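Chains as they are written, first to last, in this note's numbering: chain A, 19 to 335; chain B, 19 to 335; chain C, 19 to 335; chain D, 19 to 335; chain E, 19 to 335; chain F, 19 to 335. In what follows, a structure is listed as structure tokens, so that the remarks can point back to it.
There are 6 protein chains.
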Amino acid sequence: MLAGSETTATNGVTIHQYYATQDMGRIFSDADGELLFVPQLGRLSIDTELGRLSIAPREIAVIPRGIRFRVALPDGEARGYVCENHGAMFRLPDLGPIGANGLANPRDFLTPVAWYEERDEKTEIVQKFMGRLWATTLDHSPLDVVAWHGNLAPYKYDLTRFNTLGTVSFDHPDPSIFTVLTSPTSTPGVANIDFVCIADRWMVAEHTFRPPWFHRNVMNECMGLIEGAYDAKQGGFEPGGMSLHGMMAAHGPDRPSTERAMHDGLQPRKVAGSMAVMFETQQVLLPTRHALASPRLQPDYDSVWNDLGKTFTGATR
Amino acid sequence: MLAGSETTATNGVTIHQYYATQDMGRIFSDADGELLFVPQLGRLSIDTELGRLSIAPREIAVIPRGIRFRVALPDGEARGYVCENHGAMFRLPDLGPIGANGLANPRDFLTPVAWYEERDEKTEIVQKFMGRLWATTLDHSPLDVVAWHGNLAPYKYDLTRFNTLGTVSFDHPDPSIFTVLTSPTSTPGVANIDFVCIADRWMVAEHTFRPPWFHRNVMNECMGLIEGAYDAKQGGFEPGGMSLHGMMAAHGPDRPSTERAMHDGLQPRKVAGSMAVMFETQQVLLPTRHALASPRLQPDYDSVWNDLGKTFTGATR
Amino acid sequence: MLAGSETTATNGVTIHQYYATQDMGRIFSDADGELLFVPQLGRLSIDTELGRLSIAPREIAVIPRGIRFRVALPDGEARGYVCENHGAMFRLPDLGPIGANGLANPRDFLTPVAWYEERDEKTEIVQKFMGRLWATTLDHSPLDVVAWHGNLAPYKYDLTRFNTLGTVSFDHPDPSIFTVLTSPTSTPGVANIDFVCIADRWMVAEHTFRPPWFHRNVMNECMGLIEGAYDAKQGGFEPGGMSLHGMMAAHGPDRPSTERAMHDGLQPRKVAGSMAVMFETQQVLLPTRHALASPRLQPDYDSVWNDLGKTFTGATR
Amino acid sequence: MLAGSETTATNGVTIHQYYATQDMGRIFSDADGELLFVPQLGRLSIDTELGRLSIAPREIAVIPRGIRFRVALPDGEARGYVCENHGAMFRLPDLGPIGANGLANPRDFLTPVAWYEERDEKTEIVQKFMGRLWATTLDHSPLDVVAWHGNLAPYKYDLTRFNTLGTVSFDHPDPSIFTVLTSPTSTPGVANIDFVCIADRWMVAEHTFRPPWFHRNVMNECMGLIEGAYDAKQGGFEPGGMSLHGMMAAHGPDRPSTERAMHDGLQPRKVAGSMAVMFETQQVLLPTRHALASPRLQPDYDSVWNDLGKTFTGATR
Amino acid sequence: MLAGSETTATNGVTIHQYYATQDMGRIFSDADGELLFVPQLGRLSIDTELGRLSIAPREIAVIPRGIRFRVALPDGEARGYVCENHGAMFRLPDLGPIGANGLANPRDFLTPVAWYEERDEKTEIVQKFMGRLWATTLDHSPLDVVAWHGNLAPYKYDLTRFNTLGTVSFDHPDPSIFTVLTSPTSTPGVANIDFVCIADRWMVAEHTFRPPWFHRNVMNECMGLIEGAYDAKQGGFEPGGMSLHGMMAAHGPDRPSTERAMHDGLQPRKVAGSMAVMFETQQVLLPTRHALASPRLQPDYDSVWNDLGKTFTGATR
Amino acid sequence: MLAGSETTATNGVTIHQYYATQDMGRIFSDADGELLFVPQLGRLSIDTELGRLSIAPREIAVIPRGIRFRVALPDGEARGYVCENHGAMFRLPDLGPIGANGLANPRDFLTPVAWYEERDEKTEIVQKFMGRLWATTLDHSPLDVVAWHGNLAPYKYDLTRFNTLGTVSFDHPDPSIFTVLTSPTSTPGVANIDFVCIADRWMVAEHTFRPPWFHRNVMNECMGLIEGAYDAKQGGFEPGGMSLHGMMAAHGPDRPSTERAMHDGLQPRKVAGSMAVMFETQQVLLPTRHALASPRLQPDYDSVWNDLGKTFTGATR
């Protein structure tokens, strides 16, 4: 666990990073929330009670709360992010004026067909419940569901199928326009968590400072990088890393990105070969002790904004 | 009046076209709805009880229900469209995942400062009420409001300030993404009328048939053209003209536009120098007898789709 | 029938005036809506399927849609208003910031105890359905309901128990603050019909023009007078009469009331001994042919505002 | 801090009292909520990123979450209350049947024009985040915002412009009728916090015990006094003091106020020269250790109700 | 057309009966609403743009607004009901306390796989639009859609899969408990139309008059019979017939059914071999002139209630 | 206290069991929530400020938050359950398609008439507030309320009047169909707590495994037994006991119940003479230390599912 909000049985979010070199021998299920897997390195083969899913980097999978599963690593090594959503189940955002299609399209979400194994051997089950882990051993594999119906099922999605929208005139829209899945709260407009994907796209805005502008805001932004370089960071943000900007912490593009944006021309430019993701929430994400103690913590994180020169040349009042 | 829906005191819409060569001598007000002016030729100087507005083509103005006004023609000639909205007052659409900014931005809507005239002379007032016109004569000008407060005020907007969003990856979004103003109903997602503006923008979609696709839908689409050429019509749709596609009437780009879209490359292309508008509603718009009797009616309107060749080359089932 | 809006089976309103000198011999029920009785002269004894109600001027009764009843006149003569509500059933308005008590209090609404008659004699029933009257004859009285439960029941209310709120500082509030009962629509804030009562109260506003100000608005205001004089009309509005100000028709206090309000002092004043009611709706109320042909129609109604002098003495701009 | 509720990043409230004799040298911002300032003694000059506000007793100011500001004391001394709102931003309450105007009117809220300072000198910033204070030092003043647009801006309001409504017939309405600003929750009717102002007004209720009646209720009522005497307390509640009645704690007017209300006549009476405020919430407000240790705590607070005689003289059942 | 309500482009319902002995040669589509087919005699083979459906009596099919289709009669003869829904699309009702399963289960609704025909021959299309029929001829079959995605698709449902719930203790529930599909309005609890199915089930209520009780209500009930005998009618209601009870028209079981219910024991009884359906709406359904002129109209319909004896034996008051 | 959820002043639930042999001498009130009493043994006489209630096993009573009361034991001994509801007040569930009647009917809830005692003697009051108990002593009984109006009153309900609905065709519905009272949250469909009653009823489902099926789900199910045997447990669940199945803990009928359900016929069967209740919530209920230390805790609770044989006989894939 890297960071988490205040959490109840019906609200909150926890962000995890994983790195593994070995298949899970046992079965896991999470009574505390659904799990969104975002692999950055190595495929995951996920056998669940309701069927089998395989995902690779640039894909995601969601395992519902309480569903039992087991993960194997076809590539022998795996790294990535997991978002544990304690609130309302992820769903597609209402599109508003975007209309009938756009962003993540429903037809691209894939649910497994039923599959089962009939194994009469000792099988350990670990369940997460109220933030703790509980284990027991059965005399058979619980992945023995022969058939199922309903809609509380695991699913996968290929992020490269995301229909990215953006400005085709001027200005830099809010990153909410990249929302793949959202966990709403009972307050319209305030999500428990939004999962956002920043992928290949054209940048064509005219009369505009194109990178994400400098801002403080009410959201807590936890970003990960799947591959390539994020367009607001020319260094220091590696694939597999994470950044966290808490509520009202000011941030923006680093100095090189800023200067490039100020001086380069504004012809159409294709951003290709990179993919960043963001877990964004109005609930404050507190880093864990484990995260704060990591040798890879960047204590001088804010130095990327050093030497940003003053560009204000005076104004007559 | 060109076309109108079934109308009650609290719902419905009527679309008008105007052409004038002379200032209004008298005062007008409309108890049946608010009036959205969309000039296509010639400026309008609108003196209202709450102040003065001047709009030119590529701008719009909205006069609230019941507000008295008088229009003069600084250019001596004027042509354009008027949308009479009998339903809920126009407002900005909720942006949904577009976020905090985008489309028409609130700061670009301009409301007049108070202004009045003190004219003790005979002044005729014409009021539209329940679809009829009623006239009376006062002994002074009613445009004598010295000061006002509140928010039921006329306003103007420059359509070239519209922050057009669109696809920056693939696919052709719904035209609802161009919504400037909407008159909602009590059913979420069903507008009494949406006012849509299709203006300068970049087209960058890849792997995509870029013009508005061939479709039948539940909306009634009444389009006007302010200037230039609409990208789904290479001929036959002149500035100042209107087209009407009723609910479930199939339509799409004309043959030349279709063929160009199929054979041209998909490099970024700037669409510039044209502006089309659309009045879109789920209520069926019935043409008036006046409109159906016009010598400029296009009885062979659907011939633009003649000779669209079959492109299907067989499929193995 | 005096005036009515466009009406469907689930929306709309019709306003009636009655004058009678004789008991109803037969039974009536209204499938088109519920009936709000507002007597101005003479008591009404209403025998319904669910019990007996008696109301006098300054009281009201509501008979639900479809409930059969019969009215007798204990005073031999009766005059008053009936509001036929085709929309959602009347209910108490949500009080908003007024809080837990105020306006009409639930405990003051009285519902009859069960009562029946066992009369094996020919009884005519007249039912109003889709705007027409239909009659049949039974061989017994249908007021034979021995017991009942549920909440679709007739009720009465004494308007003098209305807890009138108002300004205790300055300004003249909207008459909606006098709402007794409301029939809401599916659009929050837009009522199908509000029933408003303007009764005894203290006027204490300082720095204020105290009568209802001059205005045009989106509502259609149909007023009746139960007794006394309405404080915006010093003449011409008699108990038993009605006034109708349609949507966007300008109106305000008559000349004597205006001048008194401008020149009298602003010490606390008790308004006592008068009671006016208003049926207020956003739907346009069209007078019936019967009403327009009445010899008591006031064709010079607007003359009460003649000779309202100009009080504007110039302003420097 | 005097008292606070259970608090999350999106809900809760904390009440503070301040007393200062010296300008803030540094800059402050609060990531935990917006700040409502209610001065009781001495003016506050608040320089914010978005402009300058000055408020005096009987006025209030609201600084949004995350906005940086600095306070100076033109009068050399200042005392007052601060409500830190961790929930939804303060807004005007929906008026319900009060209608289009009343209570605090939108036009009386004032937002500053843009202002900046260009000071290249060491400036300390203190930010409150998750209940703690964090400091850093910049090499320039952050109050350097040259221009801004949007609606997340500081504002001020003069409480004497509050349009107080109340009973003009009988009964004592709920204090919610004095709501100036409300922070709603996702449950209609349940506020995170209501800010209530009890100011000059006429009392004219007849047949009524006029002071706030004896009650236990679901709200937690935290009151302050700006000036004068509160009409339910003839002693012991000084300007600058606070009282707290927790959920279901019984309370009412003190003995002298009770007796005066029972024996005085009910002629119109102008309450003038006093102003009390209330922070009212359904969340329990727990006093801080600091508050409980104050030498000014009133341990015999409930003695004001001692010797309230029994007035019940028996009833026949 | 048998009966219809007031209808707009977004609201209302029309009920049709059909009898046919011949395949449709042409293509039909309905711009005025979706079509719910309820065959009572003979199968229907429905070829649509999106695939092929075949339904038999005891099954239903829904064709969305604007979808083109062609019907063939595999049994050479067909009779049944069609509900033309002008309002919101049919959907499953919210189940409320029924919970996660029950009534019509989503998994039992079947949507066709894509299918097309490539026929280059003259094909007539008839479209219903604004209550009229419009025809044109194409040079090919429009049922040429090779593939599709989305959710505006035809579907079928087998009514014998309906999970009928009811009382297992006492009392006779509202027929709304048999709702298969509902077309909601913007007023919660008020449907534009409910489609109700009364099929095989156990009757076990104790201390209860088991048939539908005598009532007048706000709904308009239009019933059809697929097979067998309806339990409130021992005669006169034949399969293929329809009954219509308008708003506030009193009705109940016929005399024989009433007497049986009063005198038979209350042991569990399986109702099997009959299926009735109901189209129930709060909008008044007006019979067409065609229906009123039918020789099969039952002018003495109400005679089934003649001779219902009085069972009241007096009560002491 | 046996188990409780995370609790705030406006949300959460605590479940208590009581056993008493002596009348309460003092007065109690609970500021933390309303109290639902479910006696299992012995009557309770509850004297409240608003009147007197007496309940016996198979009845329930609800005392609102903050109401003072005193309980006496007419039978000398009493045992039962108390649900302390910290959230929204219990109300009847919306019935959805069940319609106008069913489940608990409003007319069966009984509220006391006013009653008071005038006792001028020392009386101790204990109040629960923020999870603690606070005591004071008055010189008179506070049960001295002579009359009252409003709707925040105690009430009782006889569970044998519950109109149990269920399947009359096939399948086993969700226990939510037995909901007596619900405390909703601001998220539709998610209750703070549902109180469910499983009483006498007919079981007639065909083609069905009739007992509650084996499941894991998002709810926390806390059951009690009033009398008889629960149909999913043939042993080990005694009247007065409680069971708790936490979120996502798998459970179902015990082995004997399972086997009987698989092998017995499916003729109609009357379940009579037993009554179970359930407190069901989406918030995790944590057992208290007291409960976990009870000598009556069943550590081998899950052994009832031992030896459930495998019934799967293979499937061809």
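Backbone N, C-alpha and C fix where the C-beta goes; we use that ideal spot for every residue, glycine too. Quick caveat, the model's predicted, so the values are computed rather than measured.
Look at the beta carbons and you see the region 209 to 224 of chain A not touching the region 262 to 278 of chain A: under three pairs across the two are nearer than 8 Å. At a cut-off of 7 Å between beta carbons, residue 205 of chain C contacts chain B. In this structure the region 134 to 142 of chain B does not touch the region 217 to 235 of chain B; the number of beta carbon pairs closer than 8 Å is below three. In the DSSP assignment, residue 201 of chain F falls outside any alpha helix (DSSP H) and lies within the beta strand (DSSP E) extending over 197 to 202. With a cut-off of 8 Å on Cβ pairs, the region 79 to 90 of chain B is in contact with the region 37 to 48 of chain B, counting three or more such pairs.
Counting the other CB atoms within 10 Å of its CB gives residue 77 of chain A a total of 16 or more, which places it among the buried residues. Scanning E:280, E:215, E:140 and E:168 for the CA closest to the CA of residue 157 of chain E turns up E:140. Between the beta-carbon of residue 103 of chain D and that of residue 23 of chain D there is about 11 Å, and that puts the pair past the 8 Å contact cut. Residue contact with chain C for residue 49 of chain B: present (Cβ-Cβ distance below 7 Å to some residue of chain C). For residue 118 of chain A, the closest alpha carbon among the candidates B:292, B:237 and B:313 is that of B:237. Under the 10 Å beta carbon count, residue 301 of chain E is surrounded by 16 or more other beta carbons and is classified as buried. Of all residues in the region 59 to 92 of chain A, the ones placed with a Cβ closer than 7 Å to any Cβ belonging to chain F are 83 and 84, in chain order. The residue among F:124, F:189 and F:327 with its C-alpha nearest the C-alpha of residue 226 of chain F is F:189. With fewer than three CB-CB distances shorter than 8 Å, the region 54 to 67 of chain B does not count as touching the region 247 to 257 of chain C.
Taking 9 Å as the upper bound on Cβ-Cβ separation, chain B lies near residues 123, 124 and 125 of the region 122 to 146 of chain D. With its beta carbon at least 7 Å from every one in chain F, residue 33 of chain E lies outside the interface. When secondary structure is reduced to three states using DSSP, residue 158 of chain D falls in the coil class, being assigned neither helix nor strand. In this structure, the beta-carbon distance from residue 111 of chain B to residue 115 of chain A falls below 7 Å. In the three-state scheme derived from DSSP, where H, G and I count as helix and E and B as strand, residue 143 of chain F is classed as strand.
When CB distances to chain C are screened at a threshold of 7 Å, the residues of the region 228 to 247 of chain E falling below it are 234 and 236, in chain order.
Inter-residue distance for residue 316 of chain C and residue 55 of chain C is about 25 Å (C-alpha atoms, whole angstroms). At a cut-off of 7 Å between beta carbons, residue 201 of chain A makes no contact with chain B.
For the pair residue 284 of chain B and residue 224 of chain B, the CB atoms are nearer than the 7 Å cut-off. Chain-ordered, the chain C residues with CB closer than 8 Å to the CB of residue 286 of chain D read 220, 222 and 286.
Residue state for residue 47 of chain B is assigned as strand, using DSSP reduced to three classes. Ranking B:73, B:50, B:99 and B:168 by CA distance to the CA of residue 295 of chain B puts B:99 first. With 16 or more neighbouring CB atoms inside 10 Å of its own CB, residue 235 of chain C falls in the buried class. Excluding its 5 nearest sequence neighbours in each direction, residue 71 of chain E has C-beta neighbours in its own chain below 7 Å: 64, 79, 130, 172 and 174, listed in chain order.
From the beta-carbon of residue 167 of chain D, the residues of chain B found nearer than 9 Å are 123, 124 and 125. Between the beta-carbon of residue 73 of chain F and that of residue 303 of chain F there is about 24 Å, and that puts the pair past the 8 Å contact cut.
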